[in-house]
Amino acid sequence: MARRVLEAELLANMGIRQEPLLGGKELTVVKEHKMHKSFGGTFSMQFNFDGSLLAVGFGSGGIQLFSGETGEMARELRACRQGGSSIMCLRWHPKEPHLLYAVDTEGHIFVYNTLTGELVTTITEQGNEINTIDFCVDGFNFATGGRDLNIRVYETKSNSLLKTFEGFNEKSIVTNKHNMGNTMRVFCIKFHPNNQFVFISGGWDNHIKIWDIRDNNGIKRNIWGPHVCGDALDMKDHTILSGQWTALHSLQEYDYTSGKVAREIKYPNKDGAFLYAAQYLNPDLVFAGGSGTNKAEIIDIKTSQSVGTYHLPGPVHCVDSANQGRVLAAGGIAPTFAMLSLA
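Here it is as structure tokens:
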């Protein structure tokens with residue numbers, strides 16, 4: 088929900104007030120995009136803060152922008168190429184909302200000016216495959232994580248590296264296992280919605296880790312449980328949403344303070360959910376999808392009832408939304424992604 092806070096603040100500065108999403112919650116398709124198989128599927132997507140543009144990253148390295156209103160392509164920032172590296176995560180810059188950050192599996196952070204299409208700069212993390220990136224709520228820092236287990240924190244003014252919180256490997260010396268860094272690949276980082284210094288991370292090591300960039304060690308504590316394989320963590324107030332690549336208990340809310348499961352949200356499935364993506368649409372709804380059902384589901388948090396479903400022809404790898412959940416998108420391994428509307 089840090090993104091939701093940034094979204095609301097930016098729109099307020101533009102004189103736009105977001106109204107709560109009420110009513111019947113009818114899900115409709117704005118545009119379905121069929122791609123050539125050479126695109127390699129859809130690995131990441133994010134709306135800008137006013138929902139007017141959707142950035143989409145593809146498995147063969149392409150990045151395209153689409154109109155949030157019509158669903159039509161507005162600009163290509165980076166062409167797909169044979170054997171290209173997957174664009175694993177996309178984030179819009181909170182302070183300069185025309186800048187788009189993209190990370191790939193060759194360890195690159197690309198920064199694009201979406202008004203001109205110009206590649207502003209490229210940052211390289213040598214030897215890494217970057218799976219995730221996220222901005223803090225005040226927009227002055229961002230953090231990345233991936234294959235090499237390290238969490239890197241950058242400042243946004245010059246895009247320079249501030250800190251590296253090293254992961255745990257066979258050469259690491261650990262005096263306190265509760266403060267141990269990542270032991271397996273990191274797939275998701277999300278900053279706290281009300282604290283610019285705190286963020287959480289998740290990945291293959293079955294822990295949600297809570298970090299503070301003011302601390303020399305970074306890691307503050309661990310919450311055991313979630314097996315995270317995509318952009319499937321979110322936060323609101325003192326609650327952490329977790330989407331897990333598991334058959335059962337795949338969608339849960341954790342209490343930030345105690346680390347205990349606060350709520351089990353039932354994800355509709357017959358043979359297991361296996362979620363890759365999950366986020367809060369607003370305080371009442373979550374949006375999630377994975378490989379168990381090949382569906383993106385909008386679920387009421389309190390009742391666990393599905394209020395909208397979109398079926399893809401393959402596993403769902405990414406979802407996103409803006410404007411309290413009124414505009415949505417979902418994509419995955421199949422050469423198809425969709426832009427949706429909820430009213």
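Reading the sequence shown from the start, the letters are residues 88 to 430 in our numbering.
Every residue, glycine too, gets a C-beta built ideally from N, C-alpha and C.
What residue from 121, 144, 246, 94 has the CA that sits closest to residue 129's CA? Position 42 of the sequence shown, counted from the first residue, corresponds to residue 129. When each option's Cα is compared against that of residue 129, the closest is 144.
Going by the CB atoms, is the gap between residue 378 and residue 363 shorter than 8 Å? Locating residue 363 in the sequence shown gives position 276, where the first residue counts as 1. Locating residue 378 in the sequence shown gives position 291, where the first residue counts as 1. Yes, these two residues count as a Cβ contact at 8 Å.
Using the Cα positions of residue 89 and residue 288, report the straight-line distance between them to the nearest angstrom. For the purposes of this step, residue 89 is taken as the residue at position 2 of the sequence shown. For the purposes of this step, residue 288 is taken as the residue at position 201 of the sequence shown. Between residue 89 and residue 288, the C-alpha separation is close to 14 Å.
Spatial neighbours of residue 303 within its chain, please: CB distance less than 6 Å, with the 5 preceding and 5 following residues excluded, ordered by chain position. Position 216 of the sequence shown holds residue 303. Closer than 6 Å at Cβ, skipping near neighbours: no residue.
Per-residue burial, residue 331 [other beta carbons within 10 Å of its own, 16 or more giving buried]: Along the sequence shown, read from residue 1 onward, the residue named residue 331 stands at position 244. Buried, since its Cβ has 16 or more Cβ neighbours within 10 Å.
To which residues of the same chain is residue 116 closer than 7 Å at the C-beta, ignoring the five residues directly before and after it? Counted from its first residue, the sequence shown places residue 116 at position 29. So the list reads 425, 427, once near-sequence residues are dropped.
Could you have a look at residue 248 and say whether DSSP puts it in helix, strand or coil? Residue mapping note: residue 248 aligns to position 161 of the sequence shown, counting from 1. In this structure, residue 248 counts as strand in the three-state DSSP scheme.
Give me the residue from 194, 326, 123 with the minimum Cα distance to residue 370. Taking the sequence shown and counting its residues from 1, one reaches residue 370 at position 283. Comparing Cα-Cα distances from residue 370 to each of 194, 326, 123, the minimum goes to 326.
Let me know the secondary structure DSSP gives residue 393 once reduced to three states. As a working mapping, residue 393 is identified with position 306 in the sequence shown. It is a strand residue.
Please report the distance separating the alpha-carbon of residue 139 from that of residue 256. What you label residue 139 is simply residue 52 of the sequence shown in a count that begins at 1. What you label residue 256 is simply residue 169 of the sequence shown in a count that begins at 1. Residue 139 and residue 256: Cα-Cα distance of roughly 43 Å.
Who are the near neighbours of residue 269 in its chain, counting only those whose CB is closer than 8 Å to its CB and skipping five residues on each side? Start at 1 with the first residue of the sequence shown, and residue 269 comes out as number 182. Excluding positions up to five away in sequence, the list reads 232, 236, 237, 238, 254, 255, 288, 290, 292, 296.
On the DSSP letters alone, give me the boundaries of the alpha helix (DSSP H) that residue 90 sits inside. Position 3 of the sequence shown, counted from the start, is the residue given in the question as residue 90. It spans 89-100 - the alpha helix (DSSP H) in which residue 90 sits, taken as one unbroken run.
So, is residue 192 buried or exposed, given that buried needs 16 or more other C-beta atoms within 10 angstroms? Residue 192 sits at position 105 when you count from the first residue of the sequence shown. Residue 192 should be labelled buried.
With distances taken Cα to Cα, identify the nearest neighbour of residue 311 among 343, 163, 322, 250. Taking the sequence shown and counting its residues from 1, the one referred to as residue 311 is at position 224. The option with the nearest alpha carbon to residue 311 is 343.
When the distance is taken between beta carbons, is residue 194 closer than 8 Å to residue 212? Walking along the sequence shown from the start, residue 212 turns up at place 125. Walking along the sequence shown from the start, residue 194 turns up at place 107. For residue 212 and residue 194, yes; Cβs fall inside 8 Å.
From residue 122 to residue 201, what distance separates their C-alpha atoms? Working through the sequence shown from its first residue, we reach residue 122 at position 35. Working through the sequence shown from its first residue, we reach residue 201 at position 114. Between residue 122 and residue 201, the C-alpha separation is close to 22 Å.
Taking the alpha-carbon positions, what's the residue 321 to residue 365 distance? Against the sequence shown, residue 321 aligns to sequence position 234. Against the sequence shown, residue 365 aligns to sequence position 278. Answer to the nearest angstrom: the Cα atoms are 7 Å apart.
Mind checking whether residue 421 and residue 406 have CB atoms under 8 Å apart? By 1-based counting over the sequence shown, the position of residue 421 is 334. By 1-based counting over the sequence shown, the position of residue 406 is 319. No, Cβ-Cβ distance for residue 421 and residue 406 is not below 8 Å.
Buried or exposed: which applies to residue 244, given that a residue is buried once 16 or more other Cβ atoms fall within 10 Å of its Cβ? Counting from 1 along the sequence shown, the entry for residue 244 is found at position 157. Classification of residue 244: exposed, given that the 10 Å Cβ count is below 16.
Can you grab the Cα-Cα spacing for the pair residue 240 / residue 91, in whole Å? Locating residue 240 in the sequence shown gives position 153, where the first residue counts as 1. Locating residue 91 in the sequence shown gives position 4, where the first residue counts as 1. Between residue 240 and residue 91, the C-alpha separation is close to 21 Å.
Thinking residue 131 and residue 177 are a contact (beta carbons under 8 Å), I'd like their distance in whole angstroms, please. Reading the sequence shown from its first residue, position 44 is the one you call residue 131. Reading the sequence shown from its first residue, position 90 is the one you call residue 177. Contact flag correct, Cβ pair sits at about 5 Å.
Just grab the DSSP bridge partners of residue 332 for me. Along the sequence shown, read from residue 1 onward, the residue named residue 332 stands at position 245. Bridge partners of residue 332: none, in fact.
Residue 214 versus residue 234: straight-line alpha-carbon distance, rounded: The residue given as residue 214 occupies position 127 in the sequence shown. The residue given as residue 234 occupies position 147 in the sequence shown. Distance between the alpha carbons of residue 214 and residue 234 is about 9 Å.
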